[in-house]
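Chains as they are written, first to last, in our numbering: chain S, 5 to 417; chain F, 367 to 635; chain W, 28 to 306; chain Z, 18 to 373; chain R, 62 to 393. For every residue, glycine included, the Cβ atom is placed at its ideal position computed from N, Cα and C. These numbers were taken from a predicted model, which means no experiment stands behind them. This report concerns only the one structure given below.
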Ligand SMILES: Nc1ncnc2c1ncn2[C@@H]1O[C@H](COP(=O)(O)OP(=O)(O)OP(=O)(O)O)[C@@H](O)[C@H]1O
Ligand SMILES: Nc1ncnc2c1ncn2[C@@H]1O[C@H](COP(=O)(O)OP(=O)(O)OP(=O)(O)O)[C@@H](O)[C@H]1O
Ligand SMILES: [Mg+2]
Ligand SMILES: [Mg+2]
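Shown next as structure tokens:
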């Protein structure tokens with residue numbers, strides 16, 4: 005019924021639970037962009053978008069319930085926003101024929117489009133990003149050869165998500181001769197990190213990466229301040245770089261770095277459009293001050309990819325209510341060029357995105373941003389991941405999963 | 367099961383110099399007495415004299431610091447209560463210790479526990495030998511139920527029963543174990559005369575028909591005088607008298623310590 | 028025979044201190060236990076409530092002290108008045124303040140409190156340390172055994188000691204009216220007499236009214252002024268204690284004496300089923 | 018007076034000991050069986066089968082398991098999640114290591130692994146009782162959580178464990194490709210068989226020994242029950258059930274799950290089920306599982322169905338509030354759970370049309 | 062065969078020396094770290110105790126194992142924060158939170174405890190779980206779901222650090238003012254509670270109520286008043302715990318799960334003992350931080366997730382009622 009009137013896009017969001025703080029701006033960003041398309045343009049190419057939120061609370065079982073409930077309404081794509089939920093629905097996708105877009109999170113090996121044709125994690129993955137961080141460190145230290153004997157730590161949520169970058173970093177440690185140490189933070193006690201920081205203080209790693217989420221982030225930043233860890237050697241994943249993570253520590257957190265793959269702030273024409281068409285108009289729940297916040301922008305970025313994939317699919321299948329399979333094609337053939345970004349009012353917001361049949365990640369560059377005590381500023385240039393390291397890892401892991409799960413391997417011509 | 371007539375036999379249980387204390391409290395001091403086969407022994411004494419503690423010692427719940435217990439010729443000092451049960455000692459309690467959430471029938475069935483042999487895998491099937499065994503024992507239990515005249519409350523959860531009936535069910539549970547030695551702790555507390563008559567009847571019949579040896583604690587002197595073969599009197603943890611009821615009733619120490627002013631009336635009635 | 032007690036102390040015209048009017052009690056919304064019970068306790072009277080196991084004595088007392096609600100029981104009909112005031116929906120602690128206290132069946136001592144602490148909780152509703160101490164000494168005087176065990180945890184004392192503790196605890200509240208549920212249970216014969224003496228003395232000296240549920244009919248009727256017999260949740264007989272003592276049925280079933288004098292327990296050969304007043 | 022046993026005389030103890038001695042009950046059960054075996058799989062939507070029915074089924078199994086331990090034996094356990102994790106992880110491991118092993122056998126074996134772990138963590142129950150024991154079982158829960166997270170071997174070093182596809186009699190019954198109907202039948206089969214076994218256990222001597230321990234452990238010991246053995250047997254069987262439930266949860270529902278899904282919250286969830294359903298009642302385990310599984314689903318869908326325009330966020334908060342309030346409400350109405358409520362309803366029916 | 066046996070043997074030796082020998086080398090290498098870990102352990106323990114204290118109060122008074130304590134802590138903390146954010150002066154904000162918690166106590170007594178009087182502990186436990194759900198939903202509606210920073214400045218909670226003993230240990234040891242404040246206030250609060258419970262007849266009444274609700278009623282102890290009183294008290298303790306925990310990280314609903322950390326503290330100290338909550342907290346805090354830090358080499362990270370429970374379990378095997386709990390009476 006829903007699917008007849010428009011393209012049905014369920015959003016698995018979490019505005020409640022322990023991770024609500026991170027979930028809310030993302031949900032707002034996603035919603036607002038779709039709402040903008042609907043109110044300003046009447047949808048995409050005249051086809052309305054029907055957006056429905058399903059609250060997961062970041063819980064996997066609830067997420068699966070959401071998935072099962074919404075899939076029968078003609079969902080064209082899922083954005084699960086939780087590595088746990090992503091993992092749980094990935095096996096169902098080939099049978100349900102609905103693609104999953106886990107943008108910059110989820111199961112990294114799913115970037116191998118031959119094994120996981122239905123899963124997309126563009127524009128980049130945790131593994132790629134980890135390699136970017138190491139590259140950055142090498143730059144700062146004066147070259148890869150200087151990495152030898154250095155110590156790099158990873159403080160991470162002790163959860164599938166947090167453990168994602170470990171294989172890559174281990175591999176790189178072997179390649180470049182640096183020592184790699186992990187500091188897991190259990191989700192249940194992420195607000196009590198005393199031991200973790202004592203360990204970090206004891207080991208004194210030269211550089212520290214962070215894969216954190218929710219309340220773990222601000223607590224970790226306080227922990228770093230407590231043990232006087234140098235902030236400019238502390239680099240967070242793109243999920244540890246929201247304003248709310250550092251705002252609380254303010255000046256004391258100055259110098260903290262985080263990875264990023266889209267713009268920060270609201271200096272793009274698109275945001276004016278959103279202000280004009282969306283903010284303050286139901287169902288948007290966004291307070292105006294949230295515009296330009298990191299995770300809000302991430303939501304926008306995610307929505308742009310979805311919308312552009314739909315447009316791509318329409319280019320082939322016609323301006324109609326597309327289905328999951330068509331959407332999958334759209335995602336695989338997406339071509340978000342700089343020119344297109346400009347058209348969208350997002351010039352320079354991110355770098356052009358393309359993926360392929362084999363590569364559902366796209367291996368896009370990442371840059372680092374820096375907290376200056378009151379706001380984020382762009383700190384480094386766009387840095388390309390070490391594809392030569394990451395890609396073989398992805399393929400090997402995907403192969404292993406394919407064997408375990410008896411997954412067919414698709415030929416990409 | 368022997369259907370003997372009452373004939374008091376050899377010593378079944380012998381207690382020698384039992385002493386038991388809890389921290390500073392001496393509950394029992396140098397107590398010795400015996401229980402003979404087939405007899406009904408009453409243990410009386412003022413409150414806190416150590417009567418219940420005595421039963422607890424006999425069935426292994428309390429471990430006396432000193433003394434020796436001989437049961438059927440076997441000497442023991444320490445044992446777990448379930449070993450006592452295995453050896454054929456069953457009992458009832460002063461504060462009712464029924465399994466409140468279970469029905470009367472189930473409570474009495476637990477008394478058969480030691481007699482049932484099938485392991486839990488058979489029971490999980492509830493079929494064949496297990497079912498047969500269950501039904502056999504159910505028959506025995508039904509006999510106990512008939513005997514105690516509690517057919518009507520067979521399926522009632524015992525927690526809801528009035529006090530007197532609970533005491534009766536408790537007796538039933540002990541009887542179902544077909545014990546050699548039955549220990550009863552104030553089986554008739556909280557009953558009116560008619561109900562006491564019933565209980566006495568049951569106790570005498572068990573003793574008569576099955577030759578079960580019985581040791582009971584009771585405060586109602588008329589009951590004690592009427593049904594016991596022998597009476598042991600405790601006071602402050604010491605034994606102050608031991609003998610046939612008539613003799614004990616006239617014992618000066620017993621009158622002072624226990625019977626008090628009312629013994630005249632008791633005797634008169 | 029229904030009527031008010033006529034004793035020397037209480038003028039005939041006096042209104043009863045406690046009256047229970049035709050109450051009906053249901054447990055768990057389905058189990059009907061009291062089917063219209065009425066009884067009256069005059070000021071300064073000792074009234075005995077007799078009846079077989081399960082007749083509903085405890086339930087009646089709990090209905091008065093309003094402990095029923097804690098057992099998912101409900102008074103569905105009738106009313107209860109104390110000193111002319113309806114009390115059926117008053118909290119138990121409010122009733123204690125007004126002077127009604129119940130000694131519960133089965134002791135219910137606070138296991139983890141010492142005997143002395145148990146007794147002191149009885150004085151919870153009272154002020155004035157000195158007076159409470161005096162009463163404590165009084166209770167110890169009544170029950171010397173308790174004094175010996177004053178520092179033991181109540182949970183570790185013997186059954187009889189706990190019973191004394193429960194009664195002593197109730198005395199500590201200086202009640203105007205006591206509801207005693209089987210006070211003699213588990214007590215040595217000597218102590219049974221003593222307890223009834225204490226009750227009698229309280230009644231005489233301090234005018235405490237007593238409602239007493241008791242299985243030891245013998246003693247109960249000796250001390251009571253009036254009695255009610257409960258069967259199956261109904262009052263089947265009531266009257267002056269003396270009259271009840273001489274009633275043939277009561278003699279037979281509650282006192283254990285038949286025409287030929289007291290039977291020996293050993294001689295009761297045949298089970299006889301009690302004749303029910305209400306078949 | 019429709020519902021009563023008048024005129025139905027039992028002529029043997031065997032008949033008296035049947036699970037459903039009353040004819041009306043037997044008819045009702047027969048109808049329910051037809052519904053469960055035929056109607057639901059035929060007419061239930063995939064969503065209904067997967068999200069509601071399969072969940073209710075494996076949770077019932079876990080609830081029966083916990084009920085045997087907590088409701089029947091009186092040993093409060095908060096380690097259910099851990100024992101389910103043992104089941105899930107071991108079945109995953111076995112499925113990977115022995116690709117030819119029959120899947121049903123794998124489920125059963127995973128139950129045995131869980132039982133062994135259950136026995137280990139049941140040992141302190143000899144000395145520790147009540148809430149103290151509950152917290153001690155938490156040690157099991159947290160230790161197992163940690164173990165499966167920390168030791169890569171259990172998860173084959175990947176972030177999630179999978180319900181590997183397997184088939185029985187040529188029909189795929191596990192893994193994402195299996196149809197909901199096939200999965201449903203597998204779950205139903207397990208639940209029916211093990212519910213029957215549980216019922217048999219609790220109505221025979223083992224069950225009585227458990228209940229005796231629960232109601233008064235000292236008295237139980239005095240009548241000859243060995244406390245440690247009895248309690249350990251309860252721990253073992255309970256964990257066996259929980260272990261199988263854990264495997265079913267992985268293989269029939271999640272397909273792919275992080276081991277940390279089997280965390281303390283899961284333990285609590287199963288505990289809610291047995292308390293709401295009724296401690297010491299097999300039927301209660303089903304009712305409780307149905308309640309805890311369906312109420313949130315109903316509440317989530319309610320605003321949509323009623324056409325109420327509230328945000329998903331507010332709806333979620335309200336769902337929590339209503340769910341909490343419902344729990345309290347049911348406890349107040351009947352502290353002994355839905356099973357008792359049902360019993361009272363039957364009692365009323367029996368007396369109907371008289372009030373009592 | 063032999064090779065395997067040898068392997069196992071070396072592994073065992075390694076493991077055992079990792080457990081019992083290596084830590085001493087680590088201490089010798091950096092003695093300051095040991096002091097630092099001990100301080101961290103005590104501080105963490107104090108924080109656990111703050112939550113455990115609320116549990117103890119309620120358990121003492123009603124035998125209720127209050128699962129909602131964690132949520133109450135969040136609720137109380139957020140009340141303070143939200144009031145301050147709204148511009149209310151700190152002192153009034155705290156007073157406001159006290160009022161909130163008292164109102165909550167009244168409501169809980171009326172709606173949950175009263176209808177469930179004289180029920181089994183496990184039923185009441187379940188009811189408090191229901192309560193926890195309710196409060197989680199309700200709280201997120203009124204406070205919003207996002208965690209909020211605690212305005213330490215407005216509340217005049219110092220949050221700097223002091224470095225001491227630098228000369229003695231080679232490297233200085235850090236003491237956080239926040240922890241000192243928590244410990245100081247915690248001690249004051251515990252002292253006040255102990256005096257209140259021991260000096261008034263309420264203390265005795267509480268124990269009576271916990272033992273036997275019905276008997277307590279029968280001697281005239283006003284259950285309802287006592288419940289309201291104790292839940293209010295637990296609420297006030299929760300305000301303090303909420304603010305302190307919030308200051309350490311953020312005040313938000315994810316704090317509620319931290320309440321689980323209070324459980325081993327509770328059993329170790331004994332469910333009914335106020336001093337037990339403090340001492341238990343310290344033991345657990347120190348034990349788990351030491352284990353986490355010094356056993357990292359052999360056990361990996363995260364040992365502290367279960368070590369506290371295992372410490373408690375071991376103590377229970379020796380003393381089944383916990384260190385200071387009331388003796389469990391086993392009689393027949
Ligand atoms: N909580 C309860 N729930 C259900 N039924 C109950 C409950 N308490 C008592 N009853 C029933 O009410 C009836 C009367 O019980 P009550 O305890 O008042 O009797 P009683 O006269 O005091 O007996 P006894 O002399 O044995 O103490 C009994 O049949 C009993 O089974
Ligand atoms: N486990 C225990 N710990 C401490 N003291 C105990 C314990 N068991 C019994 N006592 C004490 O030992 C004494 C004897 O108790 P016991 O229960 O044997 O008395 P009793 O003769 O049965 O009295 P009653 O007639 O009142 O039941 C009492 O003073 C009691 O307080
Ligand atoms: Mg005794
Ligand atoms: Mg009674």
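One alpha carbon belongs to residue 99 (chain Z), the other to residue 269 (chain R), and they sit about 37 Å apart. Per DSSP, reduced to three states, the secondary structure at residue 416 (chain S) is coil, with no helix or strand assignment. The segment 268-278 of chain W makes contact with the segment 241-253 of chain W; the number of CB pairs closer than 8 Å reaches 3 or more.
The Cβ-Cβ distance between residue 32 (chain S) and residue 290 (chain S) falls below 7 Å. The closest heavy atom of ligand 2 lies less than 6 Å from the beta carbon of residue 391 (chain F). With 16 or more other Cβ atoms inside 10 Å of its own Cβ, residue 133 (chain W) counts as buried. Boundaries of the alpha helix (DSSP H) around residue 203 (chain Z): 197-219. A Cβ of chain R is located within less than 7 Å of the beta carbon of residue 252 (chain S).
At the C-beta level, residue 187 (chain W) and residue 155 (chain W) stay beyond 7 Å of one another. Using a Cβ-Cβ cut-off of 7 Å, residue 390 (chain F) does not count as an interface residue toward chain W, since no Cβ of chain W sits closer than that to its own. Leaving aside the five residues that flank residue 614 (chain F) on each side, the residues in its chain whose CB is nearer than 7 Å to its CB run, in chain order, 597, 599, 607, 620. Contact between residue 272 (chain S) and residue 350 (chain S) holds, since their C-beta atoms are separated by about 5 Å, short of 8 Å. Take the alpha-carbon of residue 234 (chain S) and the one of residue 208 (chain S): they are about 10 Å apart. The DSSP assignment places complete alpha helix (DSSP H) segments of no fewer than 4 residues inside the segment 340-396 of chain S at 342-348, in order along the chain. Residue 361 (chain Z) has a beta carbon lying at 7 Å or more from every beta carbon in chain F. Against chain R, the CB of residue 463 (chain F) has a partner CB under 7 Å away; the residue lies at that interface.
Taking the Cα positions, residue 118 (chain Z) is about 7 Å away from residue 112 (chain Z).
Cβ-Cβ distances below 7 Å link residue 123 (chain W) to 152, 200 in the same chain, with the five nearest sequence neighbours on each side left out; the list follows chain order.
For residue 213 (chain S), the secondary structure class from DSSP, reduced to helix, strand or coil, is strand. When the beta-carbon positions are compared, residue 115 (chain R) and residue 266 (chain R) stay at least 7 Å from each other. Within the same chain, 234, 236 come within 7 Å of residue 100 (chain R) by CB-CB distance, once the 5 residues on both sides are set aside. Taken through DSSP and simplified to helix, strand or coil, residue 224 (chain R) comes out as strand. Between ligand 2 and the CB of residue 426 (chain F), the shortest heavy atom gap is not smaller than 6 Å. When rounded, the separation of the alpha-carbon atoms in residue 220 (chain R) and residue 214 (chain R) is 9 Å. Straight-line spacing of the CA atoms in residue 413 (chain F) and residue 392 (chain F) works out to 14 Å.
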